[in-house]
Amino acid sequence: MSEPKALILGIESSCDETAAAVVAGGTTILSNIVASQFDLHRPFGGVVPEVAARAHCECITALVDEALATAGVRGEQLSAISVVNRPGLVGALLVGIAAAKSLALAWDKPLIGIDHILGHVYAPALAGLSRYPHVSLIVSGGHTSLYRVTSPTDIATLGQTCDDAAGEAFDKVAKMLGLGFPGGPALAAAALPVVGEGRNLFSHIVTSSRAHAGAADNPLDFSFSGLKTAVYYHLRGTTRGHGELRTITPLEREQVAASFEEAACLIMAEKALAACRREGIDTLTISGGVACNKRLREIVTMRAARERKPVTVFFPPPSLCTDNAAMSAGLAYHYYAKGQFSELDLDADSTPKRAKAV
Ligand code: KG4
Ligand code: ZN
6 MSEPKALILG IESSCDETAA AVVAGGTTIL SNIVASQFDL HRPFGGVVPE
56 VAARAHCECI TALVDEALAT AGVRGEQLSA ISVVNRPGLV GALLVGIAAA
106 KSLALAWDKP LIGIDHILGH VYAPALAGLS RYPHVSLIVS GGHTSLYRVT
156 SPTDIATLGQ TCDDAAGEAF DKVAKMLGLG FPGGPALAAA ALPVVGEGRN
206 LFSHIVTSSR AHAGAADNPL DFSFSGLKTA VYYHLRGTTR GHGELRTITP
256 LEREQVAASF EEAACLIMAE KALAACRREG IDTLTISGGV ACNKRLREIV
306 TMRAARERKP VTVFFPPPSL CTDNAAMSAG LAYHYYAKGQ FSELDLDADS
356 TPKRAKAV
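Under the numbering used here, think of the first position of the sequence shown as 6, with each following residue one higher.
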């Protein structure tokens, strides 16, 4: 008789989503519950850390109950409890960590602390990807990095952003354009009707983004601040004061959004494929919230097929690209299998832990 699959409860509260999930054997998602806080943060135009932490407190217990009930699993049946303990907003992380520790203690289960970004790297495995090594591009609201992934737990950094994360740039440009929060999906929606040359209308934006991206020592590093500033000056002109943006027509707003989206997606595509070329790897995965972007998916897929050594691109479905707890519960299985557990004094850490560099 085959061994029953290890059942892991995952808890996630690193930013503005409270999430709980149960994953069996590292890849079978039995439940994946996410409570988004968008409505709470929308009036402020961005995530307010104190508001996020309070909202996590209010719903985390109910979310864990729902994740277990949906999975049809009782706490006593779990093999381990995983929780994201870095990087993120400290107050928000502490809520998930406190919940996970309490449950681990009450049910006498091992605790496994997980790095949120490495959870994003693992997300494609939950959607069926089993090819290693692969190159992983993580593009989210807080992070933009390229990794060489040799196994779920053997991950080396190839490049990272020198300034803004990709999602942060989408969010800030959307704010400049008055498109609302969260900015990424709003900007993508505004850009959608614009086709052909209208997407390159502001060619200086594309040019400046190329010039700035990776100008530093490592050509696989990213920079989005030049592109964001180009949009800002386009909207401000040279005669207005700081923050005084001119009024634009709805058509121009769409075209600025589309031109920004085009440039940002080109940067991501070029860097990710350059990483594949440099590493001699023919499989690329892209995850994190920005990986939901349809134009990014189109551009990367098109360019990957044109490579001299074609690259197969794998995007998880949008529900596994944005923040969720299944990705950390899935990754935790691989630490569980190796007996790598955390102590009950596991702490929150706001900073990303750099995976070993190559
Ligand atoms: O991975 P995620 O849910 O949270 C973080 O770990 O940061 O990513 C959220 C980010 C936000 O910046 C959001 O604006 C962006 O992903 N995003 C998008 C799209 N959907 C979400 N950006 C561009 N196009 C989208 N369709
Ligand atoms: Zn994330």
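Ideal placement from N, C-alpha and C gives every residue a C-beta, glycine not left out.
Keep in mind it's a predicted model, so treat the numbers as computed, not measured.
Per-residue burial, residue i [other beta carbons within 10 Å of its own, 16 or more giving buried]
i, result
"Arg245", "exposed"
"Phe49", "exposed"
"Pro9", "exposed"
"Tyr127", "buried"
"Lys358", "exposed"
"Val363", "Its pLDDT being 49, under 50, Val363 is placed unreliably by the model, and nothing is read from it."
"Asp169", "buried"
Under the three-state DSSP convention, the category residue i falls into
i, result
"Ile160", "strand"
"Ile291", "strand"
"His339", "helix"
"Phe144", "Inspection of the sequence shows that residue 144 is occupied by Val rather than by Phe. The answer is strand: DSSP assigns Val144 an E or B state."
"Gln383", "Residue 383 is absent from the model: the chain starts at 6 and stops at 363."
"Gly172", "helix"
"Val363", "In this predicted model, Val363 has a pLDDT of only 49, less than 50, meaning its place in the structure is not dependable enough to derive any value."
"Leu192", "helix"
"Ser333", "helix"
"Gly231", "helix"
"Thr306", "helix"
"Phe186", "coil"
Nearest-angstrom beta carbon gap, residue j and residue i [assumed within contact, 8 Å]
i, j, result
"Ala11", "Tyr338", "6 Å"
"Ala331", "Gly15", "6 Å"
"Leu131", "Gly335", "5 Å"
"Ala191", "Ala174", "With 8 Å as the limit, Ala191 and Ala174 do not qualify as a contact, their Cβ atoms being about 14 Å apart."
Bridge partner(s) assigned by DSSP for residue i
i, result
"Gly15", "Ala26 and Ser87"
"Ile38", "Ala25"
"Val154", "His139 and Ile160"
"Thr149", "Val144"
"Ser347", "Leu116"
"Thr33", "Ala29"
"Arg165", "In the sequence as presented, Arg is not what sits at residue 165; that position holds Gln. According to DSSP, which records beta bridges pairwise, Gln165 is partnered with Ser150."
Residue i, enclosing alpha helix (DSSP H) - first and last residue
i, result
"His61", "Pro54 to Ala76"
"Leu98", "Val95 to Trp112"
"Leu325", "Pro323 to Cys326"
"Leu45", "Phe43 to His46"
"Leu256", "Pro255 to Glu284"
Residue i, enclosing beta strand (DSSP E) - first and last residue
i, result
"Phe319", "Thr317 to Phe319"
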